[in-house]
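A.B. asks: Please find one structure pasted underneath; my questions will follow.
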Ligand code: AMP
């Protein structure tokens with residue numbers, strides 16, 4: 476099915492062709508026609524599925540269609556996309572520019588941590604689409620630099636991450652200010668109870684779709700695990716990096732102390748690595764991240780918390796050096812790899828203590844993750860095979 480059947484105008488089709496997208500991804504096929512028909516949508520989709528284009532393309536189409544008769548008043552916007560992080564805001568706005576390059580619509584990324592004045596100045600004549608983090612957007616509204624009375628569409632992107640990062644109050648305050656008549660779109664890697672509650676408050680009658688409900692349907696991610704005794708993990712990691720000639724890995728670990736220790740253990744074995752954790756300043760974290768993205772740093776050890784607010788972009792491999800406690804974290808982490816059009820690998824180190832977490836993860840996936848073994852790393856504490864209908868004690872009724 477080609478893009479041309481989706482109801483998008485020629486300037487958008489041309490921009491998509493410039494990017495060499497041959498056909499729409501699964502989520503694009505389902506979501507684009509829904510948005511164009513004016514429906515509210517809740518979509519379970521991770522990064523890497525092409526989700527950004529699935530809302531940006533129809534949004535541009537709609538705003539473009541109405542552009543001729545619409546003169547935007549000062550300090551007004553027509554569409555608002557809320558994102559959890561500055562990095563994601565910048566990335567989504569860059570996509571808007573790419574897809575909208577043959578259209579005459581204006582857009583802007585708005586986030587905190589930078590001077591507010593230039594952003595205010597740009598708002599004076601009105602802007603079609605704003606991509607914003609919740610805090611800065613509220614500041615703007617409080618300062619009466621921005622009014623929502625002409626808003627037509629609200630997009631909540633990566634809603635689960637926004638809730639994880641504690642933005643719920645800000646989001647509620649923003650929604651209170653929006654016109655009742657609007658189109659609502661919510662995207663989230665996982666639809667947790669909290670996300671569902673947010674959706675219920677925001678959206679009354681949405682079409683709900685899922686393309687990643689089971690991640691197993693994302694064939695581009697090769698998931699496998701190795702059972703390993705705790706004390707052998709760093710030796711095993713070094714072995715894999717060397718033997719399989721890895722060029723890149725994002726390695727998730729539980730504690731900041733553990734992160735520092737692992738970096739020095741890798742270095743002793745001749746592998747250069749860096750770490751990001753809560754003990755490092757935002758400036759240092761961003762520099763390390765930029766170096767990781769550019770390939771200057773090949774191996775990045777990150778605590779889950781530190782990595783949560785960062786947009787790491789395209790990755791070939793993630794390693795759960797420590798298996799996360801929460802299933803949603805597992806899904807997020809592996810969703811960072813295997814982005815559209817590229818293969819990815821998600822590897823988990825599983826020790827006996829992780830058995831219950833493993834059961835919960837594999838139950839959610841609906842299948843057992845394939846296991847691999849490596850010579851030289853015999854396991855003393857055997858990890859049994861999961862029970863797939865496992866329900867954690869606190870969720871049993
Ligand atoms: P996203 O899921 O929005 O983070 O997109 C992941 C990547 O997929 C981005 O680099 C997009 O440029 C790319 N992409 C989006 N749609 C398509 C498509 N139809 N064909 C190929 N690549 C795509």
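Numbering (my numbering), first residue to last: 476 to 872.
We put the beta carbon where it would ideally sit given N, CA and C, even for glycine.
Counting only the same chain and skipping the five closest in sequence on each side, list residues whose C-beta sits under 7 angstroms from that of residue 536.
C.D. replies: Once the five neighbours on either side are set aside, the close Cβ partners of residue 536 are 483, 484, 487 and 511.
A.B. asks: For residue 592, does the three-state DSSP call read helix, strand or coil?
C.D. replies: Residue 592 falls in the helix class under three-state DSSP.
A.B. asks: Who are the Cβ neighbours of residue 862 in its own chain at under 7 angstroms, not counting the five residues just before and after it?
C.D. replies: Cβ within range, chain order: 834.
A.B. asks: Looking at residue 497 and the ligand AMP, is the gap between the Cβ and the nearest heavy atom below 8 angstroms?
C.D. replies: Yes, since a heavy atom of the ligand AMP falls inside the 8 angstroms radius drawn around the Cβ of residue 497.
A.B. asks: Do the segment 759 to 771 and the segment 691 to 711 touch if we need at least three Cβ pairs shorter than 8 angstroms?
C.D. replies: Because the criterion of three Cβ pairs below 8 angstroms is not met, the segment 759 to 771 and the segment 691 to 711 do not touch.
A.B. asks: Find the nearest neighbour of residue 552 within the set 570, 566 and 601, judged by alpha-carbon distance.
C.D. replies: The residue with the shortest Cα to Cα distance from residue 552 is 601.
A.B. asks: Rounding to the nearest angstrom, what Cα-Cα distance links residue 627 and residue 530 in this structure?
C.D. replies: Their backbone Cα atoms lie some 14 angstroms apart in a straight line.
A.B. asks: What first and last residue would you give for the alpha helix (DSSP H) that runs through residue 639?
C.D. replies: That run of the alpha helix (DSSP H) goes 634 to 639.
A.B. asks: If you draw a straight line from the C-alpha of residue 517 to the C-alpha of residue 504, how long is it?
C.D. replies: So the alpha carbons of these two residues sit roughly 15 angstroms apart.
A.B. asks: Over the uninterrupted alpha helix (DSSP H) stretch that includes residue 832, give me the two end residues.
C.D. replies: Looking at the DSSP string, the run of the alpha helix (DSSP H) that includes residue 832 is 830 to 840.
A.B. asks: Secondary structure at residue 478, three-state DSSP: helix, strand or coil?
C.D. replies: Residue 478 falls in the helix class under three-state DSSP.
A.B. asks: Looking at the structure shown, is residue 656 part of a helix, part of a strand, or coil, going by DSSP?
C.D. replies: Correct three-state label for residue 656: coil.
A.B. asks: Answer yes or no: the CB of residue 762 versus the heavy atoms of the ligand AMP, is any distance below 8 angstroms?
C.D. replies: No, the Cβ of residue 762 stays beyond 8 angstroms of every heavy atom of the ligand AMP.
A.B. asks: Taking 9 angstroms as the threshold (C-beta atoms), are residue 609 and residue 557 in contact?
C.D. replies: Going by C-beta atoms, residue 557 is nearer than 9 angstroms to residue 609.
A.B. asks: Please list the terminal residues of the continuous alpha helix (DSSP H) segment that includes residue 874.
C.D. replies: No answer is possible for residue 874: it lies beyond the span of the chain, which begins at 476 and ends at 872.
A.B. asks: What's the gap between the Cα of residue 641 and the Cα of residue 853?
C.D. replies: Roughly 42 angstroms between the two C-alpha positions.
A.B. asks: Examine the Cβ distances between the segment 627 to 637 and the segment 659 to 679 and report whether three or more of them are shorter than 8 angstroms.
C.D. replies: They touch, by the three-pair rule.
A.B. asks: Where residue 643 and residue 559 are concerned, what is the direct C-alpha to C-alpha distance, given to the nearest angstrom?
C.D. replies: For residue 643 and residue 559, the distance between alpha carbons rounds to 11 angstroms.
A.B. asks: What number of angstroms, rounded off, separates the C-alpha of residue 750 from the C-alpha of residue 776?
C.D. replies: Looking at the two C-alpha atoms, the distance is approximately 5 angstroms.
A.B. asks: In the DSSP assignment, find the alpha helix (DSSP H) that holds residue 802 and state where it starts and stops.
C.D. replies: Element bounds for residue 802: 802 to 810.
A.B. asks: Between the alpha carbons of residue 682 and residue 825, how many angstroms are there, rounded?
C.D. replies: If you take the alpha carbons of residue 682 and residue 825, they lie about 38 angstroms apart.
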